[in-house]
(Lines of atoms letter the chains of each structure in order from A and count residues from 1; the text may use other names and numbers.)
(Lines give C-alpha, C1' and ligand atoms only; values in the text may rest on other atoms or scores of the structure.)
Protein backbone atom coordinates (compact mmCIF):
# COMPACT_ATOMS: atom_id res chain seq x y z
CA UNK A 1 0.00 0.00 0.00
CA UNK A 2 2.84 2.39 0.78
CA UNK A 3 4.03 2.34 -2.86
CA UNK A 4 0.59 3.42 -4.06
CA UNK A 5 0.32 6.25 -1.52
CA UNK A 6 3.88 7.35 -2.31
CA UNK A 7 3.04 7.50 -6.02
CA UNK A 8 -0.07 9.56 -5.32
CA UNK A 9 1.76 11.97 -3.03
CA UNK A 10 4.94 12.32 -5.10
CA UNK A 11 3.61 12.48 -8.66
CA UNK A 12 3.92 15.94 -10.20
CA UNK A 13 2.90 17.58 -13.45
CA UNK A 14 5.99 17.64 -15.66
CA UNK A 15 6.36 20.29 -18.34
CA UNK A 16 10.06 19.89 -19.16
CA UNK A 17 11.30 16.72 -20.79
CA UNK A 18 14.68 15.25 -21.71
CA UNK A 19 15.27 14.35 -25.34
CA UNK A 20 14.88 10.62 -24.80
CA UNK A 21 12.37 8.24 -26.34
CA UNK A 22 9.91 6.30 -24.20
CA UNK A 23 10.18 2.61 -25.04
CA UNK A 24 7.37 0.72 -26.73
CA UNK A 25 7.17 -1.59 -23.71
CA UNK A 26 6.68 1.38 -21.37
CA UNK A 27 3.98 2.80 -23.66
CA UNK A 28 2.25 -0.58 -23.55
CA UNK A 29 2.39 -0.51 -19.73
CA UNK A 30 0.82 2.97 -19.73
CA UNK A 31 -1.96 1.86 -22.08
CA UNK A 32 -2.61 -1.30 -20.08
CA UNK A 33 -2.79 0.80 -16.91
CA UNK A 34 -5.27 3.10 -18.65
CA UNK A 35 -7.44 0.17 -19.63
CA UNK A 36 -7.44 -1.18 -16.07
CA UNK A 37 -9.20 1.95 -14.79
CA UNK A 38 -12.77 1.50 -13.63
CA UNK A 39 -15.54 2.12 -16.12
CA UNK A 40 -19.31 2.29 -15.92
CA UNK A 41 -20.73 -1.16 -16.53
CA UNK A 42 -17.25 -2.20 -17.73
CA UNK A 43 -18.22 -0.78 -21.13
CA UNK A 44 -14.88 1.05 -21.36
CA UNK A 45 -16.21 4.09 -23.19
CA UNK A 46 -12.74 5.48 -23.86
CA UNK A 47 -10.18 5.53 -26.65
CA UNK A 48 -6.44 6.33 -26.72
CA UNK A 49 -4.46 7.94 -29.51
CA UNK A 50 -0.68 7.93 -29.25
CA UNK A 51 1.03 10.77 -31.10
CA UNK A 52 4.79 10.31 -31.46
CA UNK A 53 5.78 12.10 -34.67
CA UNK A 54 7.21 15.60 -34.31
CA UNK A 55 4.73 17.13 -36.75
CA UNK A 56 1.79 15.64 -34.86
CA UNK A 57 3.09 16.87 -31.50
CA UNK A 58 3.63 20.31 -33.02
CA UNK A 59 0.03 20.39 -34.24
CA UNK A 60 -1.30 19.18 -30.89
CA UNK A 61 0.74 21.86 -29.06
CA UNK A 62 -0.73 24.53 -31.35
CA UNK A 63 -4.26 23.20 -30.74
CA UNK A 64 -3.50 23.28 -27.02
CA UNK A 65 -3.33 27.07 -27.11
CA UNK A 66 0.36 27.04 -28.03
CA UNK A 67 1.56 25.10 -24.98
CA UNK A 68 4.98 24.47 -26.51
CA UNK A 69 6.17 22.08 -23.78
CA UNK A 70 3.91 19.45 -25.37
CA UNK A 71 6.29 19.28 -28.34
CA UNK A 72 9.18 18.30 -26.05
CA UNK A 73 7.52 15.11 -24.83
CA UNK A 74 8.43 11.76 -26.33
CA UNK A 75 4.74 11.01 -26.94
CA UNK A 76 1.36 12.59 -26.39
CA UNK A 77 -1.48 10.31 -25.38
CA UNK A 78 -4.85 11.78 -26.27
CA UNK A 79 -7.54 10.32 -24.07
CA UNK A 80 -10.97 10.34 -25.66
CA UNK A 81 -14.48 9.55 -24.51
CA UNK A 82 -16.50 7.32 -26.80
CA UNK A 83 -19.80 9.07 -26.28
CA UNK A 84 -22.01 6.30 -27.66
CA UNK A 85 -20.46 3.08 -26.35
CA UNK A 86 -22.50 3.07 -23.13
CA UNK A 87 -25.63 4.69 -24.60
CA UNK A 88 -27.71 1.50 -24.95
CA UNK A 89 -27.34 0.74 -21.26
CA UNK A 90 -27.17 4.19 -19.66
CA UNK A 91 -29.13 6.41 -22.04
CA UNK A 92 -29.10 10.05 -20.80
CA UNK A 93 -26.20 9.51 -18.38
CA UNK A 94 -23.99 7.74 -20.94
CA UNK A 95 -22.10 10.92 -21.94
CA UNK A 96 -21.23 11.63 -18.32
CA UNK A 97 -20.09 8.04 -17.81
CA UNK A 98 -17.94 8.14 -20.95
CA UNK A 99 -16.16 11.25 -19.65
CA UNK A 100 -15.72 9.59 -16.24
CA UNK A 101 -14.31 6.46 -17.90
CA UNK A 102 -11.80 8.57 -19.83
CA UNK A 103 -10.70 10.63 -16.84
CA UNK A 104 -10.24 7.56 -14.65
CA UNK A 105 -7.83 6.33 -17.32
CA UNK A 106 -5.96 9.64 -17.21
CA UNK A 107 -5.16 9.23 -13.52
CA UNK A 108 -4.01 5.65 -14.03
CA UNK A 109 -1.65 6.77 -16.81
CA UNK A 110 -0.24 9.57 -14.64
CA UNK A 111 0.45 7.19 -11.75
CA UNK A 112 1.88 4.49 -14.01
CA UNK A 113 4.14 7.03 -15.71
CA UNK A 114 5.43 8.16 -12.32
CA UNK A 115 6.11 4.56 -11.30
CA UNK A 116 8.15 4.08 -14.51
CA UNK A 117 10.21 7.23 -13.71
CA UNK A 118 8.47 9.04 -16.54
CA UNK A 119 6.86 12.45 -16.32
CA UNK A 120 3.50 13.54 -17.65
CA UNK A 121 1.09 16.43 -17.43
CA UNK A 122 -2.70 16.48 -17.67
CA UNK A 123 -3.52 19.12 -20.28
CA UNK A 124 -7.17 20.12 -20.50
CA UNK A 125 -6.81 23.50 -22.20
CA UNK A 126 -7.12 22.84 -25.92
CA UNK A 127 -9.37 23.52 -28.87
CA UNK A 128 -11.51 20.39 -28.94
CA UNK A 129 -12.62 20.84 -32.55
CA UNK A 130 -9.07 21.34 -33.76
CA UNK A 131 -7.76 18.27 -31.92
CA UNK A 132 -10.68 16.23 -33.24
CA UNK A 133 -9.91 17.36 -36.77
CA UNK A 134 -6.16 16.74 -36.45
CA UNK A 135 -6.76 13.20 -35.21
CA UNK A 136 -9.63 12.43 -37.59
CA UNK A 137 -11.95 11.58 -34.70
CA UNK A 138 -15.45 10.38 -35.53
CA UNK A 139 -18.34 12.53 -34.29
CA UNK A 140 -19.08 10.19 -31.37
CA UNK A 141 -15.51 10.40 -29.98
CA UNK A 142 -14.55 13.44 -27.93
CA UNK A 143 -10.99 14.34 -26.85
CA UNK A 144 -10.97 14.81 -23.07
CA UNK A 145 -7.30 15.20 -22.12
CA UNK A 146 -3.84 15.47 -23.65
CA UNK A 147 -1.01 13.73 -21.79
CA UNK A 148 2.50 14.62 -22.93
CA UNK A 149 4.78 11.86 -21.58
CA UNK A 150 8.55 11.63 -21.42
CA UNK A 151 11.55 11.57 -19.15
CA UNK A 152 11.35 14.50 -16.75
CA UNK A 153 13.88 17.30 -16.89
CA UNK A 154 12.53 19.02 -13.78
CA UNK A 155 11.43 18.11 -10.26
CA UNK A 156 8.72 20.58 -9.22
CA UNK A 157 7.61 20.92 -5.63
CA UNK A 158 4.07 20.06 -4.60
CA UNK A 159 1.72 23.03 -4.78
CA UNK A 160 -0.33 23.74 -1.66
CA UNK A 161 -3.57 21.84 -1.22
CA UNK A 162 -6.84 23.14 0.21
CA UNK A 163 -7.11 20.34 2.77
CA UNK A 164 -10.03 20.61 5.16
CA UNK A 165 -11.48 23.58 3.27
CA UNK A 166 -12.86 21.18 0.67
CA UNK A 167 -13.91 18.35 2.99
CA UNK A 168 -17.55 18.00 3.96
CA UNK A 169 -18.68 15.25 6.31
CA UNK A 170 -22.23 13.92 6.02
CA UNK A 171 -23.51 16.99 4.15
CA UNK A 172 -22.41 20.30 2.68
CA UNK A 173 -21.62 22.75 5.44
CA UNK A 174 -20.86 26.41 4.85
CA UNK A 175 -19.04 28.42 7.40
CA UNK A 176 -17.68 31.94 7.35
CA UNK A 177 -14.14 30.74 6.64
CA UNK A 178 -14.99 28.78 3.50
CA UNK A 179 -15.70 29.76 -0.05
CA UNK A 180 -18.60 28.32 -1.74
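In the working numbering, the protein residues as written are 21 to 200.
Yeah, the Cβ is synthetic: ideal placement off N, Cα and C, and Gly gets one too.
Note to self: Among 156, 190, 112, 56, whose alpha-carbon lies nearest the alpha-carbon of residue 98?
What the structure shows: Comparing alpha carbon positions, the residue from 156, 190, 112, 56 closest to residue 98 is 156.
Notebook entry, point to check: Nearest-angstrom Cα distance between residue 152 and residue 171?
Noted result: Roughly 27 angstroms between the two C-alpha positions.
Next item on the list: Leaving aside the five residues before and after residue 117 along the sequence, list all residues of the same chain whose C-beta is less than 6 angstroms from its C-beta, in chain order.
Entry: Excluding sequence neighbours, residue 117 sits near 60, 106, 110.
Checklist line | Proximal residues to residue 78 (C-beta, below 6 angstroms), its chain only, five neighbours per side dropped | finding: When the five nearest sequence neighbours on each side are left out, the beta carbons in the same chain lying within less than 6 angstroms of the beta carbon of residue 78 are those of 91, in order along the chain.
Item checked: Three-way DSSP call (helix, strand, coil) for residue 146 in this model -> Coil, per DSSP.
Check: Pairing CB atoms from the region 131-150 with CB atoms from the region 187-195, are three or more of them under 8 angstroms?
Finding: Three or more beta-carbon pairs separated by less than 8 angstroms are not found between the region 131-150 and the region 187-195, which leaves the two stretches without contact.
Checklist line | Rounded straight-line distance, which links the Cα of residue 31 to that of residue 167 | finding: Between residue 167 and residue 31, the C-alpha separation is close to 14 angstroms.
Notebook entry, point to check: Where DSSP assigns a beta bridge to residue 67, which residues make up the other side?
Noted result: Residue 67 pairs with 100.
Next item on the list: Specify, as a first and last residue, the run of the beta strand (DSSP E) that residue 181 falls within.
Entry: In this chain, residue 181 is not harboured by any beta strand (DSSP E), its DSSP state being neither H nor E.
Notebook entry, point to check: What three-state label does DSSP hand residue 95 in the structure shown?
Noted result: When secondary structure is reduced to three states using DSSP, residue 95 falls in the strand class.
Margin query: I need the DSSP call for residue 162, collapsed to helix, strand or coil.
Written below: Judged by DSSP in its simplified three-state form, residue 162 adopts strand.
Margin query: Quick check on this structure: which residue in 104, 173, 122 has the alpha carbon closest to the alpha carbon of residue 114?
Written below: Nearest of 104, 173, 122 to residue 114, Cα basis: 104.
Check: Apart from the five residues just before and just after residue 119, which ones in its own chain have a Cβ nearer than 7 angstroms to its Cβ?
Finding: Once the five neighbours on either side are set aside, the close Cβ partners of residue 119 are 101, 164.
Note to self: When you measure from the CB of residue 117 to every non-hydrogen atom of the ligand GTP, does any distance come out below 7 angstroms?
What the structure shows: This structure simply doesn't include the ligand GTP, nor any ligand for that matter.
Checklist line | Inter-stretch contact (C-beta, 8 angstroms, three-pair minimum) for the region 33-53 and the region 174-181 | finding: Contact holds: three or more Cβ-Cβ distances are below 8 angstroms.
Checklist line | Own chain, CB closer than 6 angstroms to residue 41, minus 5 neighbours either side, in chain order | finding: Take residue 41, set aside five residues on each side of it, and the residues of its chain with a beta-carbon closer than 6 angstroms to its own are 94, in chain order.
Checklist line | Exposure label - residue 181; buried when at least 16 CB within 10 Å | finding: In the assembly as shown, residue 181 is an exposed residue. Its beta-carbon has fewer than 16 other beta-carbons within 10 Å.
Notebook entry, point to check: For residue 140, which option in 150, 146, 127 has the closest C-alpha, if you only look at C-alpha atoms?
Noted result: For the set 150, 146, 127, the Cα lying nearest the Cα of residue 140 is the one of 127.
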